[in-house]
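Mind the numbering: the sequence shown is residues 1 to 144 in full-length UniProt numbering, read in order.
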Amino acid sequence: MRNATRSPPPGLLQGMTAGFGAQRTPHRCVQLHEGGGKPMIVEYVRYALTTHTPDALIGAYREAAKHLDAAQECIDYELTQCVEDPNSLILRIRWESADAHMRGFRRSAHFPPFLAAIRAYVGEIAEMRHYADTGVGGRSSDRA
1 MRNATRSPPP GLLQGMTAGF GAQRTPHRCV QLHEGGGKPM IVEYVRYALT
51 THTPDALIGA YREAAKHLDA AQECIDYELT QCVEDPNSLI LRIRWESADA
101 HMRGFRRSAH FPPFLAAIRA YVGEIAEMRH YADTGVGGRS SDRA
C-alpha cells in the first residue's frame, strides 16, 4: 500500500491557480538566448510518487499534453521516468520565457484543462522550478 498523499509545498497549488498575483514571489530567472533567437527557460517538475502509480501520472500527462501542444508559449516538453526508481518522474518543459509561462500560459484558456488533468498529482511534486540554459550541451542539442 502506498503512503498517504503528501501536502504540496506551501503556496504551490494557490500559485498555480491564482494567476500569480501579489501573494506569489516572482521567479528570479536568468534568461539566456537560444541560438541568438528568443529568450527561453526550462521548467523542471520532479514527481516523487507516494500515492499514485507512474502509469496513472503518465496517463494524466497524455491528456495534459494536448494543452501544452496547443499553447504557443510552449516550445517542447518531455516526461521521463527514473530507471532506478520508477516512482520518480521528471517533466521538462521549454518555454519561450518565464514570463510567457507564468503570465501567458497560466492565464490562457489552455491552463485550466491542463491543471485539471494533473491536479491529483500536485501533492506529489517534489520540485517545480525554472532553469536557464547554460549553453553547455552534447550531441543531441542543436548548439553552435
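Ideal placement from N, C-alpha and C gives every residue a C-beta, glycine not left out.
Within the DSSP secondary-structure output, TYR47 pairs in a beta bridge with LEU89, ILE125. Burial is judged here by how many other beta carbons sit within 10 angstroms of a residue's own beta carbon; TYR121 has at least 16 and is buried. ARG94 sits in a strand when the DSSP states are folded into three classes.
Assignment of GLU63 by DSSP, reduced to helix, strand and coil, places it in the helix class. Judged by DSSP secondary structure, ASP133 falls outside any beta strand (DSSP E); it is assigned neither H nor E. One thing to note: ILE41 has its Cβ within 8 Å of the Cβ of HIS130. Rounded to the nearest whole angstrom, the CA to CA distance from GLU84 to ILE90 is 13 Å. The alpha-carbon of GLN72 is positioned some 15 Å away from that of ALA64. Here GLY104 is buried, its C-beta having at least 16 other C-beta atoms within 10 Å. Ranked by Cα distance from ARG62, the options TYR44, ARG92, LEU79 are led by LEU79. Distance from the CA atom of TYR47 to the CA atom of ILE58, rounded to whole angstroms, is 11 Å. The beta carbon of ALA100 sits closer than 7 Å to those of GLU73, all from its chain and outside the five residues before and after it, given in chain order. By DSSP's assignment, GLU78 forms a beta bridge with ARG92. DSSP, reduced to helix, strand and coil, places ALA120 within a helical segment of the structure shown. Assigned with DSSP and collapsed to three states, ALA71 falls in coil, not helix or strand.
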